[in-house]
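Peer 1:
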Amino acid sequence: MKKSTLSGIAISFAIFFTSCNNSTNNQTTTTEKMETKAGVTKTAWGNTDGKEVFLYTITNAKGVQVKISNYGATITSWVSPDKNNKPSSIVLGFDSLSGYLAKPPYFGAVVGRYGNRIAKGKFKIDKTEYTLATNNGPNALHGGLKGFDKQVWDATPASDSTASIELSYLSKDGEEGYPGNLKVAVRYTLTDDNELKIEYSASTDKATVLNVTNHSYFNLTGDVNNSILDHTLMIDADNYTPVDTTLIPTGEIKSVKGTPFDFTKAKKIGLEIGAVSGGYDHNFVLNKKDSSLSKIVELKDSISGRTLEVYTTQPGVQFYTGNFLDGKFSTPDGKKINQHAAMCLETQHFPDSPNEPKFPTTLLLPGQQFHSVTVYKLSVK
Ligand code: BGC
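Add 54 to the 1-based position in the sequence shown for my numbering, that's all there is to it.
Below, the structure written as structure tokens:
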């Protein structure tokens with residue numbers, strides 16, 4: 055392990071943020087700094103499955119800071135100043151590995167091999183039927199009992215001048231019931247414009263299905279005591295995929311017009327949530343017509359003055375209002391994480407696509423290279 059390769063810039067950011075974090079939300083007061091590139095520091099964070107876990111801190115020129123662990127390729131915090139220059143994290147996360155080993159509902163993690171649900175944990179490729187563990191009522195959710203979120207990924211800080219890290223994982227043939235050795239990589243880059251860019255790539259040696267996304271929970275106020283129902287949301291989607299009582303799409307693509315699902319013009323999330331049984335937990339069919347990187351979401355909070363824009367190459371987004379958060383988990387500064395304390399905007403292919411031939415395909419064949427990009431862009435006014 056190389057020591058003392060910290061650049062002057064990275065050293066001053068590290069010192070600035072150590073003091074910042076201690077005085078605000080207790081994000082990280084860590085021990086040994088081990089290896090560093092410009093803009094990225096690496097800290098030992100424990101062990102699990104006989105593998106070493108690290109916490110990487112990416113800092114941009116504005117002093118905004120994102121922390122990522124190679125456990126689950128998880129975003130553990132994203133600290134930025136609000137309109138009064140007070141820094142706080144806009145995502146749910148813990149300041150130690152033990153928080154994640156207690157199995158929170160996918161806080162900040164990369165989920166896969168298949169994010170969201172596959173009905174009854176069964177699907178076919180050609181004539182072969184595959185069976186997955188059913189870990190969510192009768193269905194398979196977020197890759198199974200030990201999905202990508204619970205694996206220790208390999209990680210390398212970027213070797214060029216960008217503030218980024220790349221994580222990779224080999225999901226073996228048969229893991230959680232999925233066919234094919236799948237090589238998957240995720241690259242996180244934090245730009246000086248406060249954009250967190252997430253790039254996924256993957257290839258397989260046997261036909262498989264893939265739906266990989268990040269499961270960050272956002273609360274733009276930086277304080278889980280403020281409900282996200284007061285955030286204002288725009289989703290550029292004229293249609294959504296309705297679900298049955300087990301949250302499996304019915305197969306229909308339904309217009310949002312005249313329904314509580316119409317976010318084509320910005321409105322408060324809480325305005326019509328009462329008319330949606332259980333709260334929002336739905337896939338929105340994005341209006342974008344191709345796989346170019348396009349803006350699909352704008353989320354605003356007046357308390358902090360923060361705005362989050364989402365851009366993606368994917369055809370859908372799962373808008374989930376933290377309906378199942380129930381106070382079981384707490385923030386590093388001891389606040390209970392209750393229902394609607396945070397929300398997800400998971401860019402994705404549609405849930406249960408392997409069983410819905412009319413949905414865009416999630417099949418990945420040998421020789422194909424999967425690539426997708428999502429950008430979360432933060433600003434403050
Ligand atoms: C799902 C929810 C689920 C949550 C946490 C979301 O992506 O749509 O139904 O409760 O993840 O597992």
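Where is the CB? At the ideal position from N, CA and C, for every residue including glycine.
Fair warning: this is a prediction, and the values are worked out from it, not measured in the lab.
Applying the criterion that 16 or more other CB atoms from any shown protein chain within 10 Å of the CB defines a buried residue, is Glu-183 buried or exposed?
Peer 2: Result: exposed.
Peer 1: Give the straight-line distance between the Cα atoms of Phe-413 and Asn-293, rounded to the nearest whole angstrom.
Peer 2: When rounded, the distance between both Cα atoms is 13 angstroms.
Peer 1: Within its chain, find whatever has a CB closer than 8 angstroms to the CB of Glu-306; leave out the 5 residues flanking it on each side and keep chain order.
Peer 2: Thr-295, Pro-296.
Peer 1: Our contact map puts Glu-456 next to Val-429 with C-beta atoms below 8 angstroms; I'd like the distance itself, whole angstroms only.
Peer 2: This structure cannot settle anything about residue 456, because the visible part of the chain is limited to 55 through 435.
Peer 1: Counting along the chain, where does the alpha helix (DSSP H) carrying Gly-359 start and finish?
Peer 2: No alpha helix (DSSP H) contains Gly-359, which DSSP labels as neither H nor E.
Peer 1: Using the beta-carbon count (16 or more within 10 Å), is Ala-156 buried or exposed?
Peer 2: Classification for Ala-156: exposed.
Peer 1: Tell me whether Asn-138 is buried or exposed, calling it buried when 16 or more other Cβ atoms sit within 10 Å of its Cβ.
Peer 2: Exposed.
Peer 1: May I ask you to report which of helix, strand or coil DSSP gives Thr-416?
Peer 2: In the structure shown, Thr-416 sits in coil (DSSP, three-state: anything other than H, G, I, E or B).
Peer 1: Taking the CB atoms as reference points, tell me whether Phe-424 and Ser-257 lie closer together than 8 angstroms.
Peer 2: Result yes, Cβ atoms of Phe-424 and Ser-257 sit closer than 8 angstroms.
Peer 1: Quick test of your reading: Gly-327 and Thr-375, contact by CB under 8 angstroms. State the CB separation rounded to the nearest angstrom.
Peer 2: For clarity, residue 327 is Ile in the given sequence; the question names Gly instead. Contact flag correct, Cβ pair sits at about 7 angstroms.
Peer 1: Tell me whether Thr-113 is buried or exposed, calling it buried when 16 or more other Cβ atoms sit within 10 Å of its Cβ.
Peer 2: Looking at its Cβ environment, which holds 16 or more other Cβ atoms inside 10 Å, Thr-113 is buried.
Peer 1: In three-state terms, what does DSSP make of Asn-409?
Peer 2: It is helical.
Peer 1: Give me the DSSP bridge partner(s) of His-425.
Peer 2: DSSP, once it has assigned bridges, lists Ser-255 as partnering His-425.
Peer 1: Can you list, in chain order, the residues of its chain whose CB lies under 8 angstroms from that of Thr-102, leaving out five sequence neighbours each side?
Peer 2: Once the five neighbours on either side are set aside, the close Cβ partners of Thr-102 are Tyr-125, Leu-151, Leu-155, Val-206.
Peer 1: Under 7 angstroms from any heavy atom of the ligand PLP, does the C-beta of Glu-400 make it?
Peer 2: Here the bound small molecules are the ligand BGC; the ligand PLP is not part of this structure.
Peer 1: Tell me the DSSP secondary structure of Gly-328 in three-state form.
Peer 2: Helix, per DSSP.
Peer 1: Which runs of the beta strand (DSSP E), 3 residues or longer, sit entirely within the stretch 85 to 141?
Peer 2: Whole beta strand (DSSP E) segments, 3+ residues: 87 to 91, 94 to 102, 105 to 113, 119 to 123, 128 to 135.
Peer 1: Taking 7 angstroms as the cut-off, is the CB of Gln-422 close to at least one heavy atom of the ligand BGC?
Peer 2: Checking the Cβ of Gln-422 against the ligand BGC gives no.
Peer 1: Please state whether DSSP places Glu-220 in a helix, a strand or coil.
Peer 2: Strand, per DSSP.
Peer 1: Cβ of Ser-143 within 8 angstroms of Cβ of Ser-131?
Peer 2: Against a cut-off of 8 angstroms, the Cβ pair of Ser-131 and Ser-143 comes out as a contact.
Peer 1: Helix or strand or just coil, what does DSSP make of Ala-194?
Peer 2: DSSP places Ala-194 in strand when its eight states are reduced to three.
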